[in-house]
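Worksheet: one structure, shown below.
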Amino acid sequence: MSGETPTDSTERHVGLIGYGAAGRACAALLLADPRYRLTVLTRSPPGEPLPDRLSVVASLDVLIAACPRIIVEAASAEAFASLVPACLRAGIDVVAASIGALQSQETGDAVVAACREGHSRLVLPSGAVGGLDYIAAAALAGDIAVTYTSRKPPAAWTAELTEAGLAEAARSEPVTLFEGSAPEAAKLYPRNLNAGLTVALAAGIDRTRVRVVADPSVSTNTHEIEVTGAAGDAYLRFANKPSPDNPKTSMITALSLASAVQKRLDPMQ
Ligand SMILES: NC(=O)c1ccc[n+]([C@@H]2O[C@H](COP(=O)([O-])OP(=O)(O)OC[C@H]3O[C@@H](n4cnc5c(N)ncnc54)[C@H](O)[C@@H]3O)[C@@H](O)[C@H]2O)c1
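Counting from 1, position 70 in the sequence shown corresponds to residue 70 in the UniProt record's numbering; the numbering is continuous, with no gaps.
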């Protein structure tokens, strides 16, 4: 091979389900590359003018009929359960943000059956965390034990802390709101515990404990992963910054979705 970077000018047509905080940011990242065009499924037309090379559709059938090479789901656990299997059955790979939806056995079974039927794959992006390659590899060496801890400022859990009578305590010390399995956590907090299930799917559900902590010492959403096993021990900590355009979402989520799409479409991974 010569010293030049190989070029690939093929058009890349990507579908997107959900045009909220993560979806918009992912779309902007992909569209920065002129090879990309997007077809977006939204529940209502966006209020603002749409970027070039982005069109909007109102039904899943129209999205699938447009034949994108890959679809990004960035909507919700409910949208994942009701829409993603049909995309996979149609033979289109899906990069899904709402991984917490897989806490439901029924949804997991529907995804596996749809992948078989469509010869397609569900891609689980690293999302708010990383190190999943290490965790999955370490799990092959035999028993590993993984603890995933979500630490957020108490303001992120105001309703839950108030309901538990712990709002005052959480002003001065960390308060553990939940400790248990990743599927339980994702069921209880469907919008917040995608990362716990992502880690558990890499390590094994039975080998992963999840903790949810309201912690006054952190100012940003923080994820900690502790791994012990035959291959060694690891401690990973991710302190995510909010997206500059939308403080409701972590910047890394959209970056992870866009990076997963690029990896799937790039000739070299
Ligand atoms: N994997 C991770 O680490 C990770 C991190 C952050 C967020 N998430 C998940 O990503 C998803 C998107 O997050 P967000 O912050 O962008 O949420 P958001 O609420 O800002 O945006 C979601 C958008 O999807 C739309 N939507 C919902 N159902 C739809 C449907 N059936 N068809 C079309 N559009 C639909 C909503 O109207 C909204 O515009 C959520 O499920 C969230 O839990 C995952």
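All C-beta atoms in this analysis are idealised placements derived from N, C-alpha and C, irrespective of residue type, glycine included.
Boundaries of the alpha helix (DSSP H) in which residue i is found, first to last residue
i    : result
A263 : Before going on, a small fix: residue 263 reads as Lys here, not Ala. Where K263 is concerned, the enclosing alpha helix (DSSP H) stretches over 251-265.
D61  : 60-65
L29  : 21-31
Nonlocal neighbours in the same chain, by C-beta distance under 8 Å from residue i, ignoring five residues either side
i    : result
G3   : Bear in mind that a pLDDT of 47 at G3, under 50, signals an unreliable position, so the model cannot answer this.
E173 : P216
G180 : R209, V210
K241 : T220, S250, M251, I252
P154 : L161, A167, A170, R171, V175, A214, D215, P216
Helix, strand or coil at residue i [DSSP, three-state]
i           : result
I135        : helix
P242        : strand
T220        : coil
E179        : strand
T158        : helix
V129        : coil
D109        : helix
R121        : coil
D206        : helix
A86         : helix
G229        : strand
Q269        : coil
R237        : strand
A145        : strand
R116        : helix
A81         : helix
L50         : coil
G18         : coil
residue 271 : What is shown of the chain runs 1 to 269, which leaves residue 271 out entirely.
A186        : helix
A101        : helix
G3          : Note that G3 scores a pLDDT of 47, beneath 50, so its modelled location is shaky and nothing firm can be said.
A75         : coil
Same chain, Cβ closer than 7 Å to residue i, five either side skipped, listed in chain order
i    : result
A90  : I64, G118
L60  : L41, L83, A86
P267 : D8
A21  : S243, N246, K248, T249
M1   : Reliability fails at M1, whose pLDDT of 45 lies under 50, so the model's placement of it is uncertain and no value is given.
Strand pairing of residue i, partner residues [DSSP]
i    : result
S55  : T39
K152 : A214
H13  : R37
D93  : I70
Spatial neighbours of residue i in its chain, beta-carbon cut-off 6 Å, leaving aside the 5 residues before and after
i           : result
L236        : G131, I225
V129        : A195, H223, F238
S55         : T39
P125        : V95, S256, L257, A260
residue 271 : Past the boundaries of the shown model lies residue 271; the chain is included only from 1 to 269, so the question cannot be answered.
T147        : R209, E226
A114        : P85, L88, R89
Residue range of the unbroken beta strand (DSSP E) whose run includes residue i
i    : result
A167 : Element bounds for A167: n/a, residue is neither H nor E.
Between the segment 229-248 and the segment 108-117, do at least 3 Cβ pairs fall closer than 8 Å? no
Would you check if there are 3 or more beta carbon pairs closer than 8 Å linking the segment 27-37 to the segment 84-101? no
Please determine if the segment 206-225 and the segment 179-193 are in contact, where contact requires at least 3 C-beta pairs separated by less than 8 Å. yes
Determine, using beta-carbon pairs with one atom in the segment 245-258 and one in the segment 158-172, whether at least three such pairs fall under 8 Å. no
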